[in-house]
Amino acid sequence: MKKILNAPEQVVEEMMLGMAEAHKDIVHRVGDTRVLARNYEGAGKVGLISGGGSGHEPTHAGFVGQGMLSAAVFGDVFTSPTPDQVYEAVKAADKGAGVFMVIKNYTGDVLNFEMAKDMAEAEGIDVDFCITKDDIAVEDSLYSDGQRGVAGTIFVHKILGYYAEQGASLKELKELSEKLLPQMKTIGLALSPAIVPEQGKPGFELADDEIEFGIGIHGEPGYQRVKLQPSKAMAEEIYAKLRKALALKAGDDVVVLVNGMGGTPLMEQYVFVNDVLGLLKTDKVNAVKTMVGDYMTSIEMAGLSLTLMKVTDKAWLDALNAPVKTIAW
Amino acid sequence: MKKILNAPEQVVEEMMLGMAEAHKDIVHRVGDTRVLARNYEGAGKVGLISGGGSGHEPTHAGFVGQGMLSAAVFGDVFTSPTPDQVYEAVKAADKGAGVFMVIKNYTGDVLNFEMAKDMAEAEGIDVDFCITKDDIAVEDSLYSDGQRGVAGTIFVHKILGYYAEQGASLKELKELSEKLLPQMKTIGLALSPAIVPEQGKPGFELADDEIEFGIGIHGEPGYQRVKLQPSKAMAEEIYAKLRKALALKAGDDVVVLVNGMGGTPLMEQYVFVNDVLGLLKTDKVNAVKTMVGDYMTSIEMAGLSLTLMKVTDKAWLDALNAPVKTIAW
Amino acid sequence: MDLNNAQQWLSRFFDYIEEHKAYLSELDNPIGDGDHGHNMARGAKAAREALEATPPTSLEMMFKTVGMSLLSKVGGASGPLYGSVFLAFANQLKGQDEIKDPKTLFASGLEAIVRRGKASVGEKTMVDVWTPFTEKLNQAVSSEDIESMVLATKPLKATKGRAAYVGDRSIGHIDPGSYSSGLFFKAFIEAHH
Amino acid sequence: MDLNNAQQWLSRFFDYIEEHKAYLSELDNPIGDGDHGHNMARGAKAAREALEATPPTSLEMMFKTVGMSLLSKVGGASGPLYGSVFLAFANQLKGQDEIKDPKTLFASGLEAIVRRGKASVGEKTMVDVWTPFTEKLNQAVSSEDIESMVLATKPLKATKGRAAYVGDRSIGHIDPGSYSSGLFFKAFIEAHH
Ligand SMILES: Nc1ncnc2c1ncn2[C@@H]1O[C@H](COP(=O)(O)OP(=O)(O)O)[C@@H](O)[C@H]1O
Ligand SMILES: Nc1ncnc2c1ncn2[C@@H]1O[C@H](COP(=O)(O)OP(=O)(O)O)[C@@H](O)[C@H]1O
Ligand SMILES: [Mg+2]
Ligand SMILES: [Mg+2]
Ligand SMILES: [Mg+2]
Ligand SMILES: [Mg+2]
């Protein structure tokens, strides 16, 4: 394992310290917890928090700040945070109007965030949550556990964050999330695996000429291994599935997110987005906003994901475009 | 070679198309040239351009927009752009007040940009330029060719861009650049090499337990190969050289840039910046602004660089913090 | 089984976890994310330290201390699940200085797991060993019995937890959480007799 | 040497470049960025196409066409350097239908290289072959002479161009631009006699 670090078991702690110190104009660490909270007070507004295992930087802490998340919790690498730490984030985010939690659909995250909710409610803090499941790699799976929360989650952070800043209530955020979540779908692909520092070896293996479609942001297996193929073929494979899942038709407006997994340079991400935007043009689907870059990574995994969000309510686009003060949006 | 692309010789073209289409709210391609120019007109203001070989994304096109660069030229991967293309950028950037070129110190870049200057002046466009040489890996070399322009260059883009937007003249920008350039120093390190698509194989080799200090953004050899060591030791090695070169003392203000080379995840960059900020604290040097992320990459090379800029004029900090409308700042 | 005895049970369990740390994570590799051993070991270490810091004076206190340590240190899916088990045990044993009825005790743990995880039998989770073990508790249970319960998770297809992602490919692998639960049971019967 | 002859010279040079494309890039690897062959080949291809598109009717026109193609297609350091050489040649040969004085011609090329690149003899650049070759031009120059001029760049330490970055480690490697220049000279003497 070749990484820039001091001790594998110290990585999350030191990364947090680095983030807090480097961006002290935007965020601060809450005591000695695993929580980074925004400096912006947001008095009287609903607090919006998220979090999960580390290794997806800039997610989640990169999206903490005015107009987006109130706080983010860091779990160990690829391991969900513990209930007591999530509870710390809830307390930090609570400004009297309750706290809304954005949870990515992993059993561990769901269980730990739910326990934190129990703790918070026992202390009289109103808490509600939504669970993102934008990854459709495991298609029409009968069991909800099959669908993971991945890159689309940052749209939820941004749009809910905008409305929370506008003073939306816990109930309103919950309702909005129910409209929003079904409109975003994602599929990823990997060229090479990530290495969890404490494990020191790759989580999976791929031959030199192999790629895998549908792989998750923790290296969860995807739906198909194929020989390395041109960017355009990869774009077609993924786009076809997303289009079907969103029932896209000519005239629809979509937001496009090409998300780098950590080890794939922008050069490749832009070649890929060029192919994606070409396919959308052919179908007369309008890319009303396009984002390219590393937003929800899998440490140093090489690969990317494509997220399409159908804009069924124009206001969502304004919410996405509204300025924020965060590290990474 | 495992990359997301269609044809190695098409990478730059398709990447440009992808950038222009994805970010059409900010930039546009100039005809069928290798130039991306900002949509913002900036009438009557000095045009600021830069460019060089591709493979350093988001540099340079990511910094084109109001308040920063007027246009950027794309060379082939790791090969400087040709004079005719640089000349196209000059023409696109010229709004009547002349054009200032920020050139990174590589013989190829210098020769090609100088030829473009001759062409432009023949057409009656005033052109001046500065040459960035912030890389001190090749220390106190007698020959200027030894010092390369690397990540510090983005500070030049940002600060000159701010003053150009404020209406500074060609002469004023030149003078400012002469004050600015000596105050920024950079050293990089690499863990693994980049692969130029058209070459299909790594530009250099490093053993599994080896890193190299002082390596350039085209894989130019550095000054020392050592066994993999803790982040803190890497930070100490580089910081000591930068401190000496800038003659830093207690009370000095510096801007810190930890720049990822493309293949190194933010996790490692933040662990590293935590060590750097610790060293600055010990020396009572104030980090008045800290940036962390992939700004000037070397395709998928794993590694990073540390840039320190001594803030000898407080106005520079305001210039750095002024809002811009670009893809990547 | 008194406090003293129960402490032997837990320290035996923690020993087993540390011994099998690597193996548990290995089991988690093909069908999960390869961290179950590390997660459990982190929890065992924390629980041990907590018990040393404030030696428990009652069964309730002991299980509560361990439950809180696991909750705050393990994370993942197994953290809240094992944590809830121990908190349920603490509840069950309020004011008692002996474990008189193991079956009811383990039933309360199983009930907690199901309340949290919403898994039913056959979904390839620890529920698939907790259920048969609890049922069999009115008679003597041998470590062979436990091993076969754990092995019985091998042919199952996972529909809960991370293993659900691999779908059919989860078939043919032992469920790591069931294996660690097996160690918990094994430590119990050994401490018991 | 008339237009016809000069065209043979250049197409021979372009042939050599394509044949040695891989080798030139290899030479560029240890002391540069491994692209000299690719750069030159790209230029040769472009120049050929330009010459076919508009067949030159004069030496001036031919060298100008080639110079512009190299300038717009090669990039790197060698692009403007070779480009300037051909533009200088075009200048020299204005209105002439024959190359009467090769020495003056190559001197004008060398002069252009130095004006652009500001390198002096001994800095391990193409200047180190252009200088001796031009000097020797009043007598007959053999391909052996040229080879030894190219080889003579091997012991030099680079202080200009990319090779300067490796400092002492540039010693012991042939300079790629000098090698490609050697091919240019070789093609000349072969087309000449
Ligand atoms: N919904 C659930 N109900 C019961 N047990 C579960 C559930 N989901 C997962 N588990 C158990 O948790 C184990 C995995 O734990 P662990 O690897 O530590 O957490 P994670 O899966 O978050 O990495 C599985 O082997 C399974 O026995
Ligand atoms: N300042 C200079 N003067 C003359 N020739 C030079 C100079 N710098 C570089 N060269 C020549 O250019 C060659 C390298 O060309 P090339 O590899 O195509 O460009 P780059 O170095 O930009 O990749 C060197 O071998 C050297 O002969
Ligand atoms: Mg896990
Ligand atoms: Mg080059
Ligand atoms: Mg696991
Ligand atoms: Mg070269």
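Protein chains in written order, with this note's numbering: chain A, 1 to 329; chain B, 1001 to 1329; chain C, 2001 to 2193; chain D, 3001 to 3193. We put the CB at the ideal spot given by N, CA and C, even for glycine.
- Shortest gap from the CB of D/H3036 to any heavy atom of ligand 6: under 7 Å.
- Of the candidates A/T264, A/V77, A/R34, A/E123, the residue whose Cα lies closest to the Cα of A/S54 is A/V77.
- Beta-bridge partners assigned by DSSP to A/M101: A/I49, A/F129.
- Proximity of the beta carbon of D/I3113 to ligand 2 is indicated: a heavy atom of the ligand is located closer than 7 Å.
- Taking 7 Å as the cut-off, one finds at least one heavy atom of ligand 2 near enough to the beta carbon of B/S1080.
- Pairwise C-beta distances place the segment 1066–1074 of chain B in contact with the segment 1035–1052 of chain B, as three or more of them are shorter than 8 Å.
- A distance below 8 Å between beta-carbons, with the five flanking residues on each side excluded, links C/I2174 to the following residues of its chain, in chain order: L2027, V2150, L2151, T2153, K2154.
- The criterion of a C-beta distance shorter than 8 Å is not satisfied by D/M3068 and D/Q3007.
- Per the Cβ contact rule, the segment 198–214 of chain A is not in contact with the segment 158–167 of chain A (fewer than 3 Cβ pairs under 8 Å).
- For ligand 4, a non-hydrogen atom lies closer than 7 Å to the CB of B/G1108.
- One alpha carbon belongs to B/T1107, the other to B/L1320, and they sit about 29 Å apart.
- Chain B has no Cβ within less than 8 Å of the Cβ of D/K3136.
- When secondary structure is reduced to three states using DSSP, B/M1016 falls in the helix class.
- Following the DSSP letters along the chain, one finds C/Q2139 in no beta strand (DSSP E), marked with neither H nor E.
- Relative to ligand 3, C/D2175 has its C-beta separated by 7 Å or more from all heavy atoms.
- When the beta-carbon positions are compared, A/P265 and B/E1057 come within less than 8 Å of each other.
- At a threshold of 7 Å, A/D253 does not count as near ligand 5, since its beta carbon sits no closer than that to any of the ligand's heavy atoms.
- At least one heavy atom of ligand 4 sits closer than 7 Å to the Cβ of D/G3076.
- For A/A319, the enclosing alpha helix (DSSP H) stretches over residues 314–321.
- Taking a Cβ-Cβ threshold of 7 Å, the residues of chain B close to D/A3077 are T1107, G1108, L1111, in chain order.
- Contact annotation: D/G3079 and B/T1082 have beta-carbon atoms nearer than 8 Å.
- B/M1291: member of the beta strand (DSSP E) spanning 1286–1293, first to last residue.
- A/I238 and A/G188 have their C-alpha atoms some 8 Å from each other.
- Burial check for B/V1086: the Cβ neighbour count within 10 Å reaches 16 or more, so the residue is buried.
- Pairwise C-beta distances place the segment 2166–2186 of chain C out of contact with the segment 3017–3033 of chain D, as fewer than three of them are shorter than 8 Å.
- Assignment of A/M184 by DSSP, reduced to helix, strand and coil, places it in the strand class.
- The beta-carbon distance between A/L308 and A/L246, rounded to whole angstroms, is 6 Å. This is short enough to meet the 8 Å contact definition.
- Secondary structure at C/Q2096: coil, using DSSP grouped into helix, strand and coil.
- Residues of chain C whose Cβ lies closer than 9 Å to the Cβ of A/G75 are, in chain order, G2075, G2076.
- The three-state secondary structure of B/E1088, taken from DSSP, is helix.
- Taking all protein chains shown into account, B/D1275 has 16 or more neighbouring C-beta atoms within 10 Å of its C-beta and is therefore buried.
- Residues of the segment 1065–1099 of chain B with a C-beta atom less than 7 Å from some C-beta of chain A do not occur.
- C-alpha of A/L279 to C-alpha of A/Q183: approximately 19 Å in a straight line.
- Nearest CB-CB separation between D/K3160 and chain B: below the 8 Å threshold.
- In the three-state scheme derived from DSSP, where H, G and I count as helix and E and B as strand, B/A1250 is classed as coil.
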